[in-house]
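K.L.:
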Amino acid sequence: MLTTTFIRARHAIPATLKFIRLSSSCIVRNPSDSAPRIVPTPLVFVSATNWGLSTHRKGLSIFAELYATKGYTCLDVDLSVLPDPSSTSTRLMEVFESELHSIVRTSFIPFPPVFIARGAACLIAQTYISSHPASGLLLISPPPCNASVPEKLLPTSLPEFNFEPKFPICVMSTPEEMRILQDRNRLCKDQGVDKIVVGNVEGQEAFIKIEQWLDEIGI
2 MLTTTFIRAR HAIPATLKFI RLSSSCIVRN PSDSAPRIVP TPLVFVSATN
52 WGLSTHRKGL SIFAELYATK GYTCLDVDLS VLPDPSSTST RLMEVFESEL
102 HSIVRTSFIP FPPVFIARGA ACLIAQTYIS SHPASGLLLI SPPPCNASVP
152 EKLLPTSLPE FNFEPKFPIC VMSTPEEMRI LQDRNRLCKD QGVDKIVVGN
202 VEGQEAFIKI EQWLDEIGI
């Protein structure tokens, strides 16, 4: 049997950060009783439907359900923060990071998780792992660079990330996206970062390729 726990979190915001914080949610999907094995390292799927695209969350939620049947503990996180146009993109990322850290910390997971994000939410995941431990990072169709993100999502310029990969990182995208990413994305230019090309980032092929990558990195 696949068991799930629904957590809804509210956290205080420092007065200097001008944002409307709604109620973030985290669905914890425990490993199925029929899973072939129990994987100790959890997977954290990061989305922010009030900020990015809701369709991206749907795809990640399906993956979270499927990987739970494979023995993974999956945290399906939806961060709810609305930016104030008068504030900065850097502060917006700080609020997202704080919100995600609160959820991960209160979930009492035993090992640093693998973070999986798609689209603009990849910025949140990269902000988080820049300051917190992780066992891996999978970015699905990330923005080519921070400057390419629409102004409605980032009201001001956001400095490019400069963290050094100290754990396995993978970028997955369609062939067309990968051509752009390899030309403009910092991580995709790094020979030490794994790349996966699939026809559909929400399809069965993507699910299998991600599982293979997790196995290759020892998760």
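2 is the number of the first residue of the sequence shown in our numbering; add one for each residue after it.
C-beta atoms are modelled at their ideal positions from N, C-alpha and C, and glycine is treated no differently.
Alpha carbon to alpha carbon, what distance is there between Ile-197 and Thr-175?
P.N.:
8 Å
K.L.:
In this structure, does DSSP put Phe-64 in helix, strand or coil?
P.N.:
helix
K.L.:
Compute the Euclidean distance between the alpha carbons of Val-150 and Leu-93, then round it to the nearest angstrom.
P.N.:
14 Å
K.L.:
Helix, strand or coil: how does DSSP classify Pro-79 here?
P.N.:
Strictly speaking, residue 79 in this sequence is Asp, with Pro absent from that position. Residue state, collapsed to three classes: strand.
K.L.:
Go ahead and pull the three-state DSSP assignment for Pro-176.
P.N.:
helix
K.L.:
What is the DSSP secondary structure of Ala-10, counted as helix, strand or coil?
P.N.:
For Ala-10, the predicted structure reports a pLDDT of 48, less than 50, and the residue's modelled location is therefore unreliable. A value from the coordinates is still provided. Note: Ala-10 maps to strand in three-state DSSP.
K.L.:
Give me the residue from Gly-200, Ile-220 and Thr-157 with the minimum Cα distance to Thr-91.
P.N.:
Out of Gly-200, Ile-220 and Thr-157, Thr-157 has the C-alpha closest to the C-alpha of Thr-91.
K.L.:
Got a sec? Which residues, its chain only, sit under 7 Å from Glu-212 by beta carbon, not counting five neighbours each side?
P.N.:
Lys-71
K.L.:
Note the first and the last residue of the continuous beta strand (DSSP E) segment covering Arg-1.
P.N.:
Given that the chain is displayed from residue 2 to residue 220, the structure contains no residue 1 and the question cannot be resolved.
K.L.:
Would Pro-166 and Gly-193 be called neighbours here (beta carbons separated by less than 8 Å)?
P.N.:
Contact: yes.
K.L.:
So, with DSSP's three-state summary, where would you put Lys-196?
P.N.:
strand
K.L.:
Going by beta-carbon coordinates alone, are Pro-134 and Pro-113 separated by less than 8 Å?
P.N.:
yes
K.L.:
Output the boundary residues of the alpha helix (DSSP H) element that contains Cys-123.
P.N.:
122 to 130
K.L.:
In the DSSP assignment, what are the bridge partners of Gly-137?
P.N.:
DSSP lists Val-115 as the bridge partner or partners of Gly-137.
K.L.:
Which partner residues of Leu-44 appear in the DSSP bridge assignment?
P.N.:
For Leu-44, DSSP records a beta bridge to Cys-75 and Val-115.
K.L.:
Only counting the same chain, and skipping five residues up and downstream in sequence, which positions put a Cβ closer than 8 Å to that of Pro-37?
P.N.:
Hits under 8 Å: Lys-71 and Gly-72.
K.L.:
Starting from Ile-298, trace the beta strand (DSSP E) in both directions and tell me its first and last residue.
P.N.:
Nothing about residue 298 can be read from this structure; the chain reaches only from 2 to 220.
K.L.:
What do you get for Glu-177, buried or exposed, if any count of 16 or more other CB atoms within 10 angstroms of its CB means buried?
P.N.:
exposed
K.L.:
If you count every other CB in all the chains shown that lies within 10 Å of the CB of Glu-217, and 16 or more means buried, which is it?
P.N.:
exposed
K.L.:
Buried or exposed for Ser-205, going by 16 or more other Cβ atoms inside 10 Å?
P.N.:
The sequence shown places Gln at residue 205, rather than the Ser named in the question. Flag for Gln-205 reads exposed.
K.L.:
Tell me the DSSP bridge mates of Cys-171?
P.N.:
Leu-139 and Asp-195
K.L.:
Compare the C-alpha of Val-40 against each of Thr-50, Leu-159, Ile-63 and Thr-74 and name the closest.
P.N.:
Thr-74
K.L.:
Quick check on the burial criterion: 16 or more other C-beta atoms within 10 angstroms. Buried or exposed for Phe-97?
P.N.:
Per the 10 Å Cβ criterion, buried.
K.L.:
Using alpha carbons as the reference points, say which of Asn-31, Val-105, Leu-182 and Pro-169 lies closest to Val-47.
P.N.:
Val-105
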